[in-house]
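In our numbering, the protein residues as written are 3 to 216.
Written out as structure tokens, the structure is:
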């Protein structure tokens, strides 16, 4: 059994190798990194990357499932998944879980380029599950340079600090959604928070395994 992960940053390789190992996956995990796809999407809009993304997926061969770990490319992956059931956008299982909780969801992200894709997916997941959600957006664009510089611990701590502040300023939050895979580490610094902190990587790994096995 083979699962291919399509990334837009090298840093995700070790993270997802560890997550698949933690999940007990016995097959092969193959990684393809295409930073150019995210760069193109950020500069020209996600739609501009559609043709190159389609070519990248076509070149992946016979993987049992294909997990795209870039939230910005998510809507394109969702579109392509209608014709190729192997494809999974990383944040779909996350948003489905958040929608099931319902209520006021604090959606945390760093890249403006992924705002629309993220918010639209949560609304769609809520509609599909017949749940009502109210989104509160927390944009942490100022901390993204820490991630780009490889300062992942400082990046995670900074996001956690912003979330703590937001939780003191906004009442009745039913869940916090870490909308980008890169933000997963922030949950480690929020272990004492009573509000559920949801992140995408492990949920997506579990779903990708399920797709591959089916």
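For every residue, glycine included, the Cβ atom is placed at its ideal position computed from N, Cα and C.
Bear in mind the structure is a predicted one, so any value in this text is a computation, not a measurement.
Since residue i and residue j should fall inside the 8 Å C-beta cutoff, what is the C-beta to C-beta distance between them, to a whole number of angstroms?
i           : j           : result
residue 141 : residue 114 : 7 Å
residue 183 : residue 14  : 6 Å
residue 108 : residue 172 : 7 Å
Taking just the CA atoms, how far does residue j sit from residue i?
i           : j           : result
residue 1   : residue 194 : Nothing can be reported for residue 1: it is not among the residues displayed for the chain, which extend from 3 to 216.
residue 1   : residue 85  : Outside the shown range of the chain (3 to 216) lies residue 1, about which nothing can therefore be said.
residue 215 : residue 93  : 20 Å
residue 21  : residue 175 : 28 Å
residue 46  : residue 112 : 18 Å
residue 144 : residue 197 : 24 Å
residue 152 : residue 12  : 11 Å
residue 210 : residue 19  : 13 Å
residue 65  : residue 104 : 34 Å
residue 99  : residue 57  : 31 Å
residue 164 : residue 110 : 9 Å
residue 31  : residue 23  : 10 Å
Is it the case that the Cβ atoms of residue i and residue j are separated by a distance below 7 Å?
i           : j           : result
residue 48  : residue 10  : no
residue 120 : residue 181 : yes
residue 52  : residue 101 : no
residue 138 : residue 117 : no
residue 124 : residue 97  : yes
residue 95  : residue 205 : yes
residue 25  : residue 207 : yes
Return the chain-ordered list of same chain residues with a C-beta closer than 7 Å to the C-beta of residue i, the five sequence neighbours on each side being excluded.
i           : result
residue 148 : 156, 157, 160
residue 55  : 39, 75, 78
residue 67  : 5, 88, 90, 210, 213, 214
residue 36  : 8, 10, 58
Starting from the C-beta of residue i, find all residues in its chain whose C-beta is less than 6 Å away, skip the five residues before and the five after it, and write them out in chain order.
i           : result
residue 91  : 70, 76, 79, 80
residue 185 : 161
residue 199 : 178, 189, 192
residue 136 : 106
residue 44  : 115
Given that a residue counts as buried once 16 or more other Cβ atoms are within 10 Å of its Cβ, and exposed if not, what is residue i?
i           : result
residue 129 : exposed
residue 42  : buried
residue 127 : buried
Residues in its own chain within less than 8 Å of residue i by CB, not counting five upstream and five downstream?
i          : result
residue 28 : 3
residue 17 : 183, 186, 203
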